[in-house]
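Student: Counting along the sequence shown from 1, when you hit position 34 you're at 110 in my numbering, and nothing is skipped either side.
First the structure, then my questions, so here it is.
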Amino acid sequence: MSGRDTGVEPELAHHKDDSVDAKRSANGPHSVPLPLGSKNSRRTTRNTRDKSHTRKQTYSAPTGRTIELAKYKPVPAGFSEDRRSVYWDNNIPQKNYNQTTQCCLTNRMEELTVPKSLHPNYLWDRPSPIWDVSRSSKTHTPTGRIEKLARAKTVHIEYRPCRSVETVVSSATKRAVVSARIEELSNLKNRKLKSGKERWEEWGQPAWEISKAATKTVASEHLEKLSVAKTSHGEYNPPKEVQWAVSDSAKRAIATERIQKLSAPKIPNPANEDFNPNAWKVSDGAKRMQPSAHVTSLSMPLQRKMRQKFIKAA
Numbered sequence: 077m078s079g080r081d082t083g084v085e086p087e088l089a090h091h092k093d094d095s096v097d098a099k100r101s102a103n104g105p106h107s108v109p110l111p112l113g114s115k116n117s118r119r120t121t122r123n124t125r126d127k128s129h130t131r132k133q134t135y136s137a138p139t140g141r142t143i144e145l146a147k148y149k150p151v152p153a154g155f156s157e158d159r160r161s162v163y164w165d166n167n168i169p170q171k172n173y174n175q176t177t178q179c180c181l182t183n184r185m186e187e188l189t190v191p192k193s194l195h196p197n198y199l200w201d202r203p204s205p206i207w208d209v210s211r212s213s214k215t216h217t218p219t220g221r222i223e224k225l226a227r228a229k230t231v232h233i234e235y236r237p238c239r240s241v242e243t244v245v246s247s248a249t250k251r252a253v254v255s256a257r258i259e260e261l262s263n264l265k266n267r268k269l270k271s272g273k274e275r276w277e278e279w280g281q282p283a284w285e286i287s288k289a290a291t292k293t294v295a296s297e298h299l300e301k302l303s304v305a306k307t308s309h310g311e312y313n314p315p316k317e318v319q320w321a322v323s324d325s326a327k328r329a330i331a332t333e334r335i336q337k338l339s340a341p342k343i344p345n346p347a348n349e350d351f352n353p354n355a356w357k358v359s360d361g362a363k364r365m366q367p368s369a370h371v372t373s374l375s376m377p378l379q380r381k382m383r384q385k386f387i388k389a390a
């Protein structure tokens with residue numbers, strides 16, 4: 077039989093839910109699993125979220141190392157705030173361009189220039205080790221390979237030694253007779269003009285005669301076209317001269333009203349209360365004024381980096 081007909085099972089289910097709520101309140105929200113879609117599960121989730129927000133956060137005490145690192149760096153004894161910089165030398169010598177550059181060696185370079193000293197136990201006349209040669213070594217016959225290795229290395233066949241600076245002329249060269257061809261080659265080359273006239277014009281150009289046939293020749297149309305000098309472009313304007321003559325029309329011209337208006341100086345608006353035409357004019361009293369001691373001290377440059385660098389006593 078179903079509970080719908082008798083009405084007994086719904087009551088048992090109601091008592092079962094009450095027992096589950098009692099166990100949940102006694103043992104906590106996670107003691108009894110609940111269905112996800114039930115009303116009691118949503119209520120439990122909301123209560124857990126509220127408790128997590130209201131939970132107090134606890135912090136651990138800092139360690140000794142953390143306290144040590146949190147301290148600021150102490151100022152060393154004898155520190156001056158305006159001391160000179162270590163990386164800049166204010167006493168730079170001025171260059172004298174009238175003298176030559178003088179090279180100076182550093183301590184390391186002077187140390188490297190010192191020649192290497194000999195060992196204290198070195199003896200220049202110490203005896204060399206001498207041992208007796210055995211009889212078998214004296215009577216030993218060397219092999220062909222040893223004899224080949226014992227030979228000194230020879231120079232290349234085509235090697236020629238360096239020629240001496242002073243050349244010795246042989247006696248055959250001294251008695252030699254110059255041939256006609258050598259005498260011809262030793263003569264200067266004669267540059268003759270095509271016209272046969274050995275004369276020159278003012279600019280070093282040769283002068284030759286023009287034949288009668290050349291004077292009577294009529295140039296063709298193409299030659300006349302090529303002989304015409306190259307002209308400038310039609311729209312080319314040559315540069316204007318620095319000085320030019322003013323035309324009479326420009327002298328008699330009358331300026332228009334617009335030009336006269338543009339040529340007039342700009343006058344500030346007098347309605348402006350802050351306008352002062354004598355704003356940049358120095359008064360006679362200011363010219364005769366003597367500065368006070370405080371103004372004189374303020375006009376002096378700042379006395380920076382004037383103290384010597386602090387040197388800590390050893």
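Positions of the beta carbon are idealized from the N, C-alpha and C atoms, including for glycine.
Measure the alpha-carbon distance for His339 versus Glu333 and round it to whole angstroms.
Tutor: Numbered from its first residue, the sequence shown carries residue 339 at position 263. Numbered from its first residue, the sequence shown carries residue 333 at position 257. Per the sequence shown, residue 339 should be read as Ser rather than His. Cα to Cα, the separation comes out at about 10 Å.
Student: Alpha carbon to alpha carbon, how far is Gly310 from Val322? Give it in angstroms, no decimals.
Tutor: Position 246 of the sequence shown holds residue 322. Position 234 of the sequence shown holds residue 310. Near 26 Å, if we compare the C-alpha coordinates of Gly310 and Val322.
Student: What is the rounded straight-line gap between the Cα of Phe351 and the Cα of Lys357?
Tutor: Translated into the one-based positions of the sequence shown, residue 351 becomes position 275. Translated into the one-based positions of the sequence shown, residue 357 becomes position 281. Using only the alpha carbons, I get a separation of about 14 Å.
Student: Do you know how far the Cα of Thr217 is from the Cα of Asp208?
Tutor: Taking the sequence shown and counting its residues from 1, one reaches residue 208 at position 132. Taking the sequence shown and counting its residues from 1, one reaches residue 217 at position 141. Cα-Cα distance, rounded: 19 Å.
Student: For the alpha helix (DSSP H) that Leu299 lies in, which residues bound it at each end?
Tutor: Within the sequence shown, numbered from 1, the residue matching residue 299 stands at position 223. Residues 297 to 303.
Student: How long is the line joining the alpha carbons of Glu300 and Glu317, rounded to whole angstroms?
Tutor: Within the sequence shown, residue 300 is the residue found at index 224, counting from 1. Within the sequence shown, residue 317 is the residue found at index 241, counting from 1. So the two alpha carbons sit approximately 34 Å from each other.
Student: Roughly how many whole angstroms lie between the Cα atoms of Ser156 and Met185?
Tutor: Stepping through the sequence shown from its first residue, residue 156 is reached at position 80. Stepping through the sequence shown from its first residue, residue 185 is reached at position 109. Computed Cα separation, rounded: 36 Å.
Student: Where does Glu285 sit, in a helix, a strand or coil, going by DSSP?
Tutor: Taking the first residue of the sequence shown as position 1, residue 285 is located at position 209. Glu285: coil per DSSP, three-state reduction.
Student: Fully enclosed by the stretch 298 to 372, which alpha helix (DSSP H) runs are 4 residues long or longer?
Tutor: 324 to 327, 333 to 339, 360 to 364
Student: Within the same chain, show all residues whose beta-carbon is closer than 6 Å to that of Asn103, passing over the 5 residues directly before and after it, in chain order.
Tutor: In the sequence shown, the residue the question calls residue 103 occupies position 27. For Asn103, the predicted model reports a pLDDT of 49, less than 50, meaning its position is unreliable and no value from the coordinates is stated.
Student: Would you list, in sequence order, the uninterrupted beta strand (DSSP E) runs of no fewer than 3 residues that lie entirely inside the stretch 200 to 265?
Tutor: none
Student: Could you check the C-alpha separation between Ser303 and Val294 for me, to the nearest Å?
Tutor: In the sequence shown, counting from the first residue as 1, residue 303 sits at position 227. In the sequence shown, counting from the first residue as 1, residue 294 sits at position 218. Answer to the nearest angstrom: the Cα atoms are 13 Å apart.
Student: Tell me whether Asn172 sits in a helix, a strand or coil according to DSSP, three-state version.
Tutor: Locating residue 172 in the sequence shown gives position 96, counting from the first residue. In the structure shown, Asn172 sits in coil (DSSP, three-state: anything other than H, G, I, E or B).
Student: Can you give me the start and stop residues for the alpha helix (DSSP H) that Thr189 sits inside?
Tutor: For the purposes of this step, residue 189 is taken as residue 113 along the sequence shown, with counting starting at 1. From DSSP, the alpha helix (DSSP H) with Thr189 extends over 183 to 189.
Student: Only counting the same chain, and skipping five residues up and downstream in sequence, which positions put a Cβ closer than 7 Å to that of Asp360?
Tutor: As a working note, residue 360 is residue 284 in the sequence shown. Once the five neighbours on either side are set aside, Asp360 has no close Cβ partner at all.
Student: What's the C-alpha gap between Ala369 and Ser375?
Tutor: One-based indexing of the sequence shown puts residue 369 at position 293. One-based indexing of the sequence shown puts residue 375 at position 299. Roughly 10 Å separates the two Cα atoms.
Student: From the DSSP output, in three-state form, read off Ala146 for me.
Tutor: Here residue 146 refers to the residue found at position 70 of the sequence shown. In this structure, Ala146 counts as helix in the three-state DSSP scheme.
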